[in-house]
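As you go down the protein sequences, you meet chains A and B in turn.
Counting in numbering that gives the first Met the number 0, the first sequence runs from 0 upward without gaps.
Counting in numbering that gives the first Met the number 0, the second sequence runs from 0 upward without gaps.
Quick reminder that beta carbons are idealized off the backbone N, C-alpha and C, glycines included.
Quick caveat, the model's predicted, so the values are computed rather than measured.
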Amino acid sequence: MKFQRLVLACLATLALGSAQAQLTVEITGAGANRLPVAIADFTGERIVAQALTSVVRADLERSGLFRMIDAGVPLADSATPPFADLKAKGADAITGGTVGMAADGRYEVRVRLSDVLKQAVIGNQAYAHTGSQLRATGHRIADFVYEKLTGEPGVFSTRIAYVVKSTGRYELQIADADGGNAQAALASREPIISPAWSPDGGKLAYVSFEAKKPVVYVHDLASGRRHVAANFKGSNSAPTWSPDGKKLAVVLTKDGGSQLYMVNADGSGVSRVASSSGIDTEPRWSPDGQFIYFTSDRGGSPQIYRIPVTGGAAERITFEGSYNVTPRPSPDGKSLAFIARSSGRFQLALMDLATKQTQVLTDSAKDESPSFAPNGRMILYATEIGGRGVLAAVSSDGRVKQKLSVQAADVREPAWGPLVR
Amino acid sequence: MRALLPLALTTLLLAACGSQPPAPEQNPAGVESRSPSGVSTAPIGQGQPDAFDPTSAAALKDPRSPLSKRSVYFDYDSYVVKDEFQSLLAAHGKFLAANPKFKMLIQGNADERGSREYNLALGQKRADAVRKALALLGARDEQIEAVSLGEEKPACTDASEDCWGKNRRGDILYSGEF
Numbered sequence: 000m001k002f003q004r005l006v007l008a009c010l011a012t013l014a015l016g017s018a019q020a021q022l023t024v025e026i027t028g029a030g031a032n033r034l035p036v037a038i039a040d041f042t043g044e045r046i047v048a049q050a051l052t053s054v055v056r057a058d059l060e061r062s063g064l065f066r067m068i069d070a071g072v073p074l075a076d077s078a079t080p081p082f083a084d085l086k087a088k089g090a091d092a093i094t095g096g097t098v099g100m101a102a103d104g105r106y107e108v109r110v111r112l113s114d115v116l117k118q119a120v121i122g123n124q125a126y127a128h129t130g131s132q133l134r135a136t137g138h139r140i141a142d143f144v145y146e147k148l149t150g151e152p153g154v155f156s157t158r159i160a161y162v163v164k165s166t167g168r169y170e171l172q173i174a175d176a177d178g179g180n181a182q183a184a185l186a187s188r189e190p191i192i193s194p195a196w197s198p199d200g201g202k203l204a205y206v207s208f209e210a211k212k213p214v215v216y217v218h219d220l221a222s223g224r225r226h227v228a229a230n231f232k233g234s235n236s237a238p239t240w241s242p243d244g245k246k247l248a249v250v251l252t253k254d255g256g257s258q259l260y261m262v263n264a265d266g267s268g269v270s271r272v273a274s275s276s277g278i279d280t281e282p283r284w285s286p287d288g289q290f291i292y293f294t295s296d297r298g299g300s301p302q303i304y305r306i307p308v309t310g311g312a313a314e315r316i317t318f319e320g321s322y323n324v325t326p327r328p329s330p331d332g333k334s335l336a337f338i339a340r341s342s343g344r345f346q347l348a349l350m351d352l353a354t355k356q357t358q359v360l361t362d363s364a365k366d367e368s369p370s371f372a373p374n375g376r377m378i379l380y381a382t383e384i385g386g387r388g389v390l391a392a393v394s395s396d397g398r399v400k401q402k403l404s405v406q407a408a409d410v411r412e413p414a415w416g417p418l419v420r
Numbered sequence: 000m001r002a003l004l005p006l007a008l009t010t011l012l013l014a015a016c017g018s019q020p021p022a023p024e025q026n027p028a029g030v031e032s033r034s035p036s037g038v039s040t041a042p043i044g045q046g047q048p049d050a051f052d053p054t055s056a057a058a059l060k061d062p063r064s065p066l067s068k069r070s071v072y073f074d075y076d077s078y079v080v081k082d083e084f085q086s087l088l089a090a091h092g093k094f095l096a097a098n099p100k101f102k103m104l105i106q107g108n109a110d111e112r113g114s115r116e117y118n119l120a121l122g123q124k125r126a127d128a129v130r131k132a133l134a135l136l137g138a139r140d141e142q143i144e145a146v147s148l149g150e151e152k153p154a155c156t157d158a159s160e161d162c163w164g165k166n167r168r169g170d171i172l173y174s175g176e177f
């Protein structure tokens, strides 16, 4: 059984390696108290079930919050788990499942999660999927287990966007949160930066230089169609969506200097948000929609400020150091991820907005573009390892660390997509 | 020879510089409309190897003319045009004043350190500094568009001060070159 799983894992790795520009994830640090959990092989279609459970195990393991315990034998959802045996192995929870073929040719998967110590069912779930949706079902099962055991939504079914730069070519790619299933939404010979997900996960706004200057586009992922959202005289950049998905905050230079504006998502109705004599850029809405966080050099050095969306005075948020940029409020609005420079190193930092306490989360030197997972647990960011651009993720407590890289190319400008139910 | 730009092209360029949201699907104001094929400045100036008019189009590519120099370099985290580039900008300002049909794209650049978007804004400040200097010298606003390429188009890719200095610059492009 173990050998079979190993062979399957190797085949899966080979398949991934042959796909172009596949993002691979490497775990470089784990949480202190990982929950011991067993994901038994599901009964039913053997190959399908094993491919499914390997996705579930890899997802949970990658989160850094779980430690996998070998269940030993396959377990159907309806069967009583070998609780005594599992308890002896140290497992706190066990998942069993059954895979079957429905009349319409789709697979049906039934899953049961049980508490080993209480010997009680925690939850049941059923899924139907086609063969090509196998990985998606695996991610949904992992989300189910994650949410039941941690009380937070899982983000294994979400997607990430990022830019891959190879020689003379830029691709805006979309992949599953585990780096699988990567697809290029846009390929260009000119740079692409600052992708931003619409709140419904259906669109990306980004900056493309294909017109020899920065222009903001909105790109519908399902249809592949896009439109210009801001192309005024001068530069157009740093798009970000309002929480209701109706507006974009952008940075324009049409009236002199890099300044904050708002436009409707279709590009109509431009209006000014703030005014300064210096640089105002990198706007980001607070999750409650009340404030816009941004970077400004109005005080002499680049620092983070926030301004009420309805107008008013800007409030300075960062004070330590002479370079604090790229503000990203957490999904619960309680903390702020940003990039801080100290001793020539650019590092990802996290500030508790109530206490203003700040923690540097990384030991790298060229961190950029932080992006929260929609449950707030992890922060994805770009950094450099060995002269090459890679993506990395770190948990908001700094313990869990992952590296995501593509062979022979630079990866940068990550944006973690929203939860889509 | 001076009327290099057909009127239609001038109109296209004007259109490309204006605001135009929302643009038609899949047909953004792209580089295509800015650099149509068939526009060339190559033959100009041939047959007159010993003299050139500093306000003629020929001077733009004549290595003897300051107009053939197109880059202005800046210090780290700075957007002040240094004295050594004032005479270069004076020549370009005079050229624009004497050639009102010519348009200029100024592309500001930044070195790679730090945030891409903040570097885009720094590059814009450099492009704007060049634009303002040219405006003082007689160039008209509608002739010039100042944009930024941020850190995205480095002239040099080593991680050294020498190299970063080459990337902190404003580049001047004339009609037909962008």
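Within 9 Å (strictly less), CB to CB, does residue i reach chain B?
{"i": "residue 256 of chain A", "result": "yes"}
{"i": "residue 378 of chain A", "result": "no"}
{"i": "residue 382 of chain A", "result": "no"}
{"i": "residue 322 of chain A", "result": "yes"}
{"i": "residue 46 of chain A", "result": "no"}
{"i": "residue 212 of chain A", "result": "yes"}
{"i": "residue 412 of chain A", "result": "yes"}
{"i": "residue 95 of chain A", "result": "no"}
{"i": "residue 233 of chain A", "result": "yes"}
{"i": "residue 2 of chain A", "result": "Only weak support is given to the placement of residue 2 of chain A: the predicted model assigns it a pLDDT of 39, under 50, and the value that follows is read from those uncertain coordinates. Not one chain B Cβ lies under 9 Å of residue 2 of chain A."}
{"i": "residue 152 of chain A", "result": "no"}
{"i": "residue 357 of chain A", "result": "no"}
{"i": "residue 170 of chain A", "result": "no"}
{"i": "residue 113 of chain A", "result": "no"}
Around the Cβ of residue i, are there at least 16 other Cβ atoms within 10 angstroms (buried) or fewer (exposed)?
{"i": "residue 83 of chain B", "result": "exposed"}
{"i": "residue 191 of chain A", "result": "buried"}
{"i": "residue 380 of chain A", "result": "buried"}
{"i": "residue 336 of chain A", "result": "buried"}
{"i": "residue 77 of chain B", "result": "exposed"}
{"i": "residue 100 of chain A", "result": "exposed"}
{"i": "residue 169 of chain B", "result": "buried"}
{"i": "residue 222 of chain A", "result": "exposed"}
{"i": "residue 166 of chain B", "result": "buried"}
{"i": "residue 384 of chain A", "result": "exposed"}
{"i": "residue 80 of chain B", "result": "buried"}
{"i": "residue 117 of chain A", "result": "exposed"}
{"i": "residue 75 of chain B", "result": "exposed"}
What is the DSSP secondary structure of residue i, counted as helix, strand or coil?
{"i": "residue 401 of chain A", "result": "strand"}
{"i": "residue 206 of chain A", "result": "strand"}
{"i": "residue 124 of chain A", "result": "strand"}
{"i": "residue 169 of chain B", "result": "strand"}
{"i": "residue 74 of chain A", "result": "coil"}
{"i": "residue 468 of chain A", "result": "Outside the modelled stretch of chain A, which goes from 0 to 420, sits residue 468 of chain A, for which no answer is possible."}
{"i": "residue 72 of chain B", "result": "strand"}
{"i": "residue 145 of chain A", "result": "helix"}
{"i": "residue 23 of chain A", "result": "strand"}
{"i": "residue 98 of chain B", "result": "coil"}
{"i": "residue 18 of chain A", "result": "Residue placement at residue 18 of chain A cannot be trusted, given a pLDDT of 38 that sits under 50; the coordinates are not used to answer."}
{"i": "residue 106 of chain B", "result": "strand"}
{"i": "residue 86 of chain B", "result": "helix"}
So that I know if they touch, is there some Cβ in chain A lying closer than 9 Å to that of residue i?
{"i": "residue 146 of chain B", "result": "yes"}
{"i": "residue 161 of chain B", "result": "no"}
{"i": "residue 149 of chain B", "result": "yes"}
{"i": "residue 120 of chain B", "result": "yes"}
{"i": "residue 74 of chain B", "result": "no"}
{"i": "residue 15 of chain B", "result": "Confidence at residue 15 of chain B is low in this model, with a pLDDT of 39, below 50, so its placement is unreliable and no value can be given for it."}
{"i": "residue 164 of chain B", "result": "no"}
{"i": "residue 100 of chain B", "result": "no"}
{"i": "residue 142 of chain B", "result": "no"}
With DSSP as the reference, identify every bridge partner of residue i, one or two as the case may be.
{"i": "residue 357 of chain A", "result": "A:350"}
{"i": "residue 367 of chain A", "result": "A:381"}
{"i": "residue 183 of chain A", "result": "A:172"}
{"i": "residue 249 of chain A", "result": "A:260"}
{"i": "residue 470 of chain A", "result": "Here chain A covers residues 0 to 420 and nothing more, so residue 470 of chain A does not appear."}
Touching by the beta-carbon criterion (3+ pairs, under 8 Å), the stretch 370-382 of chain A and the stretch 121-133 of chain A:
no
Quiz prompt | At least three beta-carbon pairs within less than 8 Å, the stretch 299-318 of chain A to the stretch 81-96 of chain B | solution = no
The stretch 127-140 of chain B touching the stretch 237-244 of chain A, judged by at least three CB pairs closer than 8 Å: no
Spell out a yes or no on whether the stretch 264-281 of chain A and the stretch 139-148 of chain B are touching, meaning 3 or more CB-CB pairs, one atom from each, closer than 8 Å. no
Using a Cβ distance threshold of 8 Å, determine whether the stretch 65-78 of chain A contacts the stretch 22-40 of chain A, with at least three qualifying pairs required.
yes
Are at least three pairs of beta-carbons, each pair with one atom in the stretch 150-167 of chain A and one in the stretch 191-206 of chain A, less than 8 Å apart? yes
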